[in-house]
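Heads up: the structure comes next, in structure tokens.
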Amino acid sequence: MTDWRDRLKRALDAREIDMKRASLSAGLNAAAVQQIIKGNDPKASTLQQLARSNGLSLDEILLDRPHSSTAEQVRNDVRLAPVVGTVAAGLWFLPDAPPQVEPEPVPYVPCRHPDLAQTAYKVVGSSMNKRNVHDGDFVVTVPYWEARMAPVAGDIAVVQRSRDGGLVELTIKEIEVTRESVRLVPRSTEPEYQDVIIIPRTIRPELYEDVTIIGLVVGKFSTL
75 MTDWRDRLKR
85 ALDAREIDMK
95 RASLSAGLNA
105 AAVQQIIKGN
115 DPKASTLQQL
125 ARSNGLSLDE
135 ILLDRPHSST
145 AEQVRNDVRL
155 APVVGTVAAG
165 LWFLPDAPPQ
175 VEPEPVPYVP
185 CRHPDLAQTA
195 YKVVGSSMNK
205 RNVHDGDFVV
215 TVPYWEARMA
225 PVAGDIAVVQ
235 RSRDGGLVEL
245 TIKEIEVTRE
255 SVRLVPRSTE
265 PEYQDVIIIP
275 RTIRPELYED
285 VTIIGLVVGK
295 FSTL
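Numbered by the working numbering, the letters in the sequence shown go through residues 75 to 298 in order.
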């Protein structure tokens, strides 16, 4: 068993809850917990439901941390971020017909800006692999302009571009700031992911209104 599965089993045993009872109390089939313990991978929402129904917490299962009691501890509990989009360079789509995204939320531990709404995007491609963000990962974000007053060098951000015809693209970039411009830069080892978006520092907003920084990346979730 992996560590978190072992912790789940120990936590249930400590409460004298057998696997069948734990499954049924969460509205699952009677063998669900046994199958999870043996190696089945549950959805994040299923694991959350299982924990809540049996007096456990995701912290206890995933982080080996006692159930939160103080307000400060509760702020740092494991939470679930809904997946709201796909970031992929070169993938243009109509705003009312976005690419299909994972329906399941992803777990995260609040660390930066825990009081802001946190949403996740699925990463497609290797445009940020130098920053340890890889194809298939999920980045957790907060609204950029609620967290920042101005672009900050070194931030990793989700960026939306639009073009004629109403198409939009979501990408992930690192921010560079110069006296003349804000540069949105991929950090990739791959030659196809080297295009830089340049936003000039100008009082003419029509020159850059097709580019919007929408999300500050504050975390990452990787599936095994």
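Glycine is no exception: its CB is placed at the ideal position from the N, C-alpha and C atoms.
Within the same chain, Cβ atoms closer than 6 Å to the Cβ of V270 are found at R257 and V259, the five residues on either side in sequence being excluded. With a cutoff of 9 Å on beta-carbon distance, I249 and I288 are scored as not near each other. Counting only residues of its own chain and dropping the five nearest sequence neighbours on each side, N103 has a CB closer than 7 Å to the CB of S97. In this structure, R153 keeps its C-beta atom at 9 Å or more from the C-beta atom of V175. Distance from the CA atom of Q108 to the CA atom of D211, rounded to whole angstroms, is 28 Å.
DSSP places Y195 inside the beta strand (DSSP E), whose first and last residues are T193 to V197. Annotation for A96: the continuous alpha helix (DSSP H) segment containing it runs M93 to S99.
Burial state of T252 is exposed, judged by a 10 Å Cβ sphere holding fewer than 16 other Cβ atoms. Residue state for A162 is assigned as coil, using DSSP reduced to three classes.
By the beta-carbon neighbour count (other beta carbons within 10 angstroms, threshold 16), G293 is buried. The segment 214-224 makes contact with the segment 191-200; the number of CB pairs closer than 8 Å reaches 3 or more.
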